[in-house]
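Enquirer: Under the UniProt record's numbering, the letters of the sequence shown match residues 1 to 80, in that order. Think of the CB as a built atom: it goes at the ideal place given N, C-alpha and C, for glycine as much as any other residue.
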Amino acid sequence: MARAPPLQSTPAYDERNPFVVCNKSFVPIYRGSEIAYSSFCRAPYLPKFKGAVCEVDGIGQVGGEGTGFSEVDADGKFLS
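(1) Following the continuous beta strand (DSSP E) through P28, name the residue where it begins and the one where it ends.
(2) Does the distance from the CB of R31 to the CB of F49 come in under 8 Å?
(3) Nearest to G60 by alpha carbon, out of K24, N17, C22 and S38?
(4) Less than 8 Å between the CB atoms is what I'm expecting for D57 and F40, so what's the real figure, rounded?
(5) Is the beta carbon of N23 closer than 8 Å to that of E55?
(6) When you compare only the Cα positions, how much space is there between A36 and R42?
(7) Based on the DSSP secondary-structure assignment, which residues constitute the bridge partners of S38?
(8) Let me know if P44 comes out buried or exposed under the rule of 16 or more other beta-carbons within 10 Å of its beta-carbon.
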């Protein structure tokens, strides 16, 4: 099996600072920074993408209001 070529550049991030990755630009969003979430699946985005359609679920609006995805058990009780 052929090996993947090595990365041409090293991603710029601080490995000691917890972060999530923006689902549109694929850059780190560090703890304490403003984050916009998908209204359906809660995927994280940079605030500049507010109003866009979520790249993950294709349904939610980034930064939009909504109840999102909720799991219920057989009795109709919310699990999360």
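Expert: Let's see:
(1) For this step, residue 28 is matched to residue 28 along the sequence shown. Run containing P28: P28 to Y30, per the beta strand (DSSP E) assignment.
(2) Here residue 31 is taken as the residue at index 31 of the sequence shown, counted from 1. Here residue 49 is taken as the residue at index 49 of the sequence shown, counted from 1. Taking 8 Å as the Cβ cut-off, R31 and F49 do not qualify as a contacting pair.
(3) Within the sequence shown, residue 60 is the residue found at index 60, counting from 1. For G60, the nearest C-alpha among the options comes from S38.
(4) Your numbering for residue 57 matches position 57 in the sequence shown. Your numbering for residue 40 matches position 40 in the sequence shown. Sure, about 5 Å apart at Cβ, within 8 Å.
(5) Working through the sequence shown from its first residue, we reach residue 55 at position 55. Working through the sequence shown from its first residue, we reach residue 23 at position 23. Their beta carbons are under 8 Å apart, which means E55 touches N23 by this criterion.
(6) Looking up residue 36 in the sequence shown gives position 36. Looking up residue 42 in the sequence shown gives position 42. If you take the alpha carbons of A36 and R42, they lie about 9 Å apart.
(7) The residue labelled residue 38 in the question sits at position 38 within the sequence shown. V62, per the DSSP bridge assignment.
(8) As a first step, residue 44 must be located in the sequence shown, where it is residue number 44. P44 is classed as buried because its beta carbon has at least 16 other beta carbons within 10 Å across all chains shown.
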